[in-house]
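In what follows, a single structure is set out as structure tokens and then discussed.
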Amino acid sequence: MTATVTERRTKAPHKPNKQAGAPVPAQAGWHRATVLSEPGSVQGLRLRLNGEGVQEISARQAFSCLVAVQAGDIVAGLLDEQRQCWVMAVLERNGAQDVVLQSQGKLELSAPTISANAREVLHMAAPQVRLSCEQADAVGERLNLVGGTVKAIGAALSTLFDRVHHHSKQYMRSTDGLDRTQAGHMELQARQLLQIHGEHTLVEGEQLVKARGAQIHFG
């Protein structure tokens, strides 16, 4: 009688084969990443997470990160459990270190004193600019004002210059009260007509009054 012996072999659990080179999903937490495309591009904000299992991921800029990111920036990204990645800060930028602060809503600075210092040019551009203050001082070697319409309204205007040169196609002035000009020497020239009119007109010279012309009419 031949005994049949059945061998029982313990089979190891089946493990899926990992494809060679397949990226390992990044774990939640902080990551050092490189910006591949900016938020305004067609792809939106895309990052390449640096580290083991390098991979690309879509991201959003954190509300507190006001620096506009550029392609090539090294940023600090925070990956949450829902696979949402947030750019928290810009760590490094190659080339020109230009910085642009941007906000989708109103951006306001509030402090007892705010200073803006520019070594070369301070440029401000907006469809409308409003300045409200109790006192404004502008000091400079040369001030240029160019505009289509300039309007100044106030209670008093005082100017002090060594020399004033004014040129306009038409100049009209209206004064309700006294209009006085004091000068060491005053000269009026008109290419066609010089007219002086008043209800009472007085011409007085301490030493000499002289009128000269081809024709002189009185009355």
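If you read the sequence shown in our numbering, its first letter stands for residue 12, the second for the next number, and so on. The C-beta atom is built at its ideal place from N, Cα and C for all residues, glycine as well. Computed from a predicted structure; not experimentally measured.
With respect to the beta strand (DSSP E) encompassing Val46, which residues constitute its N-terminal and C-terminal limits?
-> 40 to 48
Roughly how many angstroms lie between the CA atoms of Gly51 and Tyr182, to the nearest whole one?
-> 51 Å
Which two residues bound the contiguous beta strand (DSSP E) that contains Ser114?
-> That residue, Ser114, is in no beta strand (DSSP E); it is neither H nor E in DSSP.
Proximity to Ser69 [Cα-Cα], best of Ser48, Leu219, Ala79, Ser121 = Ser48
Counting only the same chain and skipping the five closest in sequence on each side, list residues whose C-beta sits under 7 Å from that of Trp97.
-> Ala70, Arg71, Ala73, Gly88, Leu89
Does the Cβ of His196 have 16 or more other Cβ atoms within 10 Å, making it buried, or fewer, making it exposed?
-> exposed
Going by beta carbon distance, what residues of the same chain come within less than 8 Å of His25, once the five residues before and after it are set aside?
-> Low local confidence applies: a pLDDT of 48 at His25 is under 50, so the model's placement there is unreliable, with the coordinate-based value given in what follows. Excluding residues within five positions, none has a Cβ falling inside 8 Å.
Of all the beta strand (DSSP E) runs that stay within the bounds of the region 96 to 155, which reach a length of 3 or more residues?
-> 96 to 103
Secondary structure of Glu210, DSSP reduced to three states | coil
Cα-Cα separation between Asn105 and Ala166, rounded to whole angstroms | 54 Å
Just the C-alpha distance for Arg130 and Glu215, rounded to the nearest angstrom, thanks.
-> 58 Å
Buried versus exposed, by CB contacts within 10 Å (16 or more), Ala23 = The pLDDT assigned to Ala23 is 47, lower than 50, so where the model puts this residue is not dependable, and the model offers no usable value.
Contact check, Val111 vs Ala137, beta carbons under 7 Å = no
On the three-state DSSP scale, how would you describe Arg191?
-> coil
So His42 and Leu60 are in contact, right, with Cβ under 8 Å, and what is the actual spacing, rounded?
-> 5 Å
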